[in-house]
Amino acid sequence: MADRLVYADNAATTSTSPAVLEAMMPYFGEVYGNPSSLHQKGRAAKAAITEAREKIAALLGAKPNEIYFTASGSEADNWAIKGAAHAMQHRGKHIISTKIEHHAVLHALESLEKEGFEVTYLDTDEVGRVTPEAVASAMREDTILVEIMFANNEIGTIEPIREITAAVKAKNPKTLVFTDAVQAVGAVDINVTELGVDMLAMSGHKIHAPKGIGALYIRNGVRILNLIDGGGQERSRRGGTENVAYIVGFAKALEDAVFGISEGTRVEKMRDRLIDEILKIPSTRLNGPREGRLPGNVNVSFEFIEGESLLLLLDMAGICASTGSACSSASLEPSHVLLTIGVPVEQAHGSLRLSIGRDTTDEDVDYILEKLPAIVERLRMMSPLYNA
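Just so we're aligned, residue 2 is where the sequence shown starts under the numbering used here, counting upward by one.
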């Protein structure tokens, strides 16, 4: 039995906060009407959605009619990418992205490639950053969409989205810019107007809202085709009866997250202490930058061990962590992100992602630092390569 339980996998998902759950509860029972209905029950539900949309828009520097609710960040990614590509294909079929994107983006792009679209996948530097100059240089006359993630889900690298957008628009104002900001929204300051992006995806369960709710910002004037057809919901752009309780919860979670961004300083201090102490373990490397990374992200690689074995022993010690993206954790392939930034295959297999958050305490960090070195040493002693 572990001495305690420490959750260090917030990049995979977060708990639904008590405040969010409290805000949602009336919409499971008392306010249960269909927002499309004209009676008072329906109007009450519709009013809740309108208020949530206005709140989210204000927090992100958007207009309320630019926020569209989805069932997840992955749906928002797919809608933005496929919807833009299909709407713009009369102008061209070239898309620019990077090799370190989330699989929701990469698989959507692969699907478009099967339809005849051409995608340029940019390399990054050794910390996972892509430059505005590299994006602009890859642009062609038939480039219709540029998709660059705001912050990487594995190594925490924050990309220069505002500068990238400016470079793209300077070369061709008609080329759309979309950023997957699922890991960044609520963790760093984001104002879509200042960024200049055309579309931005977000997800609720990364910021203490429930799983099953996300949103897509679509700048007014941008035309993309629907991904889900149905009724007239979301101003006829996304069919399906709205999930009122989750929408309300998402708005409350984003409000709490944005107002608590200053709390990131405390999280950053814990992150930096984790990094500094873990790097004292011999043959250990930090993946991603020291500066310009998400407040709660720690990603390291240990030579001579396998990440899966490391996770199992950490779990037995009461520490919940990850080897990379939760969406691909069942895969035995090394992380495509780590390979892109130049981590050798054998070290990529020995990676560990610790993602802490506002619920993490200094005592949690102490516990991780107490248990992790001994577990790494135990696994290395079992490795013939280490003993050699």
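Note that CB positions come from ideal geometry on N, CA and C, so glycine has one too.
Look up Phe303 in the DSSP assignment and say whether it is helix, strand or coil.
-> Locating residue 303 in the sequence shown gives position 302, where the first residue counts as 1. Looking at Phe303 - three-state DSSP - the assignment turns out to be strand.
Would you check if the distance between the CB atom of Ala246 and the CB atom of Phe70 is smaller than 8 Å?
-> Here the question's residue 246 lines up with position 245 in the sequence shown. Here the question's residue 70 lines up with position 69 in the sequence shown. Their beta carbons are not under 8 Å apart, which means Ala246 does not touch Phe70 by this criterion.
Would you grab the beta carbon distance between Gly308 and Leu353 for me? Rounded to a whole angstrom, and I think it's under 8 Å.
-> Residue 308 sits at position 307 when you count from the first residue of the sequence shown. Residue 353 sits at position 352 when you count from the first residue of the sequence shown. Yes, Gly308 and Leu353 are in contact; Cβ-Cβ is about 6 Å, under 8 Å.
Using DSSP with H/G/I as helix, E/B as strand and the rest coil, what is Gly43?
-> Position 42 of the sequence shown, counting from 1, holds the residue named residue 43. Note: Gly43 maps to helix in three-state DSSP.
Distance between Lys47 and Val301 (C-alpha atoms, nearest Å) = Position 300 of the sequence shown, counted from the first residue, corresponds to residue 301. Position 46 of the sequence shown, counted from the first residue, corresponds to residue 47. Spanning the two alpha carbons is a distance of roughly 46 Å.
If you compare alpha carbons, which of Ile369, Trp80, Pro385 is closest to Arg5?
-> Looking up residue 5 in the sequence shown gives position 4. For the residues Ile369, Trp80, Pro385, the minimum Cα distance to Arg5 belongs to Ile369.
Note the first and the last residue of the continuous beta strand (DSSP E) segment covering Leu201.
-> For this step, residue 201 is matched to residue 200 along the sequence shown. Element bounds for Leu201: 200 to 204.
Would you check if the distance between the CB atom of Gln234 and the CB atom of Lys207 is smaller than 8 Å?
-> As a working note, residue 234 is residue 233 in the sequence shown. As a working note, residue 207 is residue 206 in the sequence shown. The answer is no: Cβ separation not under 8 Å.
Output the distance between the C-alpha atoms of Asn244 and Ile214, rounded to the nearest integer angstrom.
-> In the sequence shown, counting from the first residue as 1, residue 244 sits at position 243. In the sequence shown, counting from the first residue as 1, residue 214 sits at position 213. For Asn244 and Ile214, the distance between alpha carbons rounds to 8 Å.
Answer yes if the stretch 33 to 41 comes into contact with the stretch 354 to 368, meaning at least three C-beta pairs across the two stretches below 8 Å, and no otherwise.
-> no
Below 8 Å on the Cβ atoms is my guess for Gly289 versus Gly157; work out the distance and round it to an integer in Å.
-> For the purposes of this step, residue 289 is taken as the residue at position 288 of the sequence shown. For the purposes of this step, residue 157 is taken as the residue at position 156 of the sequence shown. That belief holds up - the Cβ atoms of Gly289 and Gly157 are roughly 5 Å apart, short of 8 Å.
Going along the chain, which residues of its own chain have a beta-carbon closer than 6 Å to the beta-carbon of Glu278, five neighbours each way excluded?
-> For the purposes of this step, residue 278 is taken as the residue at position 277 of the sequence shown. Around Glu278: Leu370.
CB of His350 within 8 Å of CB of Pro335, strictly | Position 349 of the sequence shown, counting from 1, holds the residue named residue 350. Position 334 of the sequence shown, counting from 1, holds the residue named residue 335. Going by C-beta atoms, His350 is nearer than 8 Å to Pro335.
For the alpha helix (DSSP H) that Tyr247 lies in, which residues bound it at each end?
-> As a first step, residue 247 must be located in the sequence shown, where it is residue number 246. Start and end: 245 to 260.
Tell me whether Leu386 sits in a helix, a strand or coil according to DSSP, three-state version.
-> As a first step, residue 386 must be located in the sequence shown, where it is residue number 385. In the structure shown, Leu386 sits in a helix (DSSP, three-state: H, G or I).
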